[in-house]
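Okay, structure first, notes after.
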Ligand SMILES: C[S@@+](CC[C@H](N)C(=O)[O-])C[C@H]1O[C@@H](n2cnc3c(N)ncnc32)[C@H](O)[C@@H]1O
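In our numbering, the protein residues as written are 7 to 225.
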């Protein structure tokens, strides 16, 4: 991808079987478009998978990148790709359930999650870490992300969510409202899937903002 070779470890979300990783990259303008990332800024990629976006962020000039994933193999995979592309000095990878394993004082100019947007039943049990790349039971992880992400940004920073029309957008909006979070739609990209390209999937980039001007809601 992007004229580079990448390692892909077993049980890590494959960035090549669907266009969704490339859409993430495009949503942030890291495909050669105009980038949304502040120059020399910091980036936290939650749910980094193989680390393609995090590495491209570092190559695009981010001075500090953290690539995190709940799947330990994904965190290891991102570290390997950082080394492969010579950005290990500014990209750190960590296994973490959302923000749980981060340094509590760390703040980021941009936080980004290309989420597991399929809403599973609340009692859904994962068969594998691979499952967890697609499904979020009851949107419990989305709820936590909406609440917690704004706490981890710098004062001018932004917390972003790459969601998709295959997810339950109405449920996401209801959850956001219930935890005092606004979802500002920044950009959409349509992808044509299916044998004849007639299955249109819309990818959405939301900015998560505290309503009432503060991120004070406890996490
Ligand atoms: C749709 S995949 C995206 C992977 C990668 N960013 C890409 O675009 O190729 C979602 C990722 O979120 C991770 N994930 C799911 N729940 C998580 C959580 N609670 N905390 C951190 N990462 C999580 C999954 O392991 C998976 O790697």
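Note that CB positions come from ideal geometry on N, CA and C, so glycine has one too.
| query | result |
| --- | --- |
| When you measure from the CB of residue 27 to every non-hydrogen atom of ligand 1, does any distance come out below 7 Å? | yes |
| Helix, strand or coil for residue 42, going by three-state DSSP, please let me know. | coil |
| Compute the minimum distance between the beta carbon of residue 84 and the heavy atoms of ligand 1, and state whether it is under 7 Å. | no |
| Given a threshold of 16 other Cβ atoms within 10 Å of its Cβ, counted over all protein chains shown, does residue 62 qualify as buried or as exposed? | buried |
| In whole angstroms, give me the CA-to-CA distance for residue 92 and residue 28. | 21 Å |
| Helix, strand or coil for residue 24, going by three-state DSSP, please let me know. | coil |
| Give me the residue from 135, 86, 37, 78 with the minimum Cα distance to residue 9. | 37 |
| Between residue 139 and residue 55, which are expected to be in contact by the criterion C-beta below 8 Å, what is the C-beta distance as a whole number of angstroms? | 7 Å |
| Hey, which unbroken runs of the beta strand (DSSP E) at 3 residues or more fall wholly within the region 195 to 223? | 205 to 216 |
| Closer than 6 Å by C-beta to residue 107: which residues in its own chain qualify, once you throw out the five before and the five after it? Chain order, please. | 100 |
| Return the Cβ separation of residue 147 and residue 104 in integer angstroms, given the expectation that the two are a contact with Cβ distance under 8 Å. | 7 Å |
| What is the C-beta distance between residue 48 and residue 69, in whole angstroms, given that I count them as a contact (C-beta under 8 Å)? | 7 Å |
| Cβ of residue 218 within 7 Å of any heavy atom in ligand 1? | no |
| Indicate whether residue 152 and residue 182 have their beta-carbon atoms separated by less than 8 Å. | yes |
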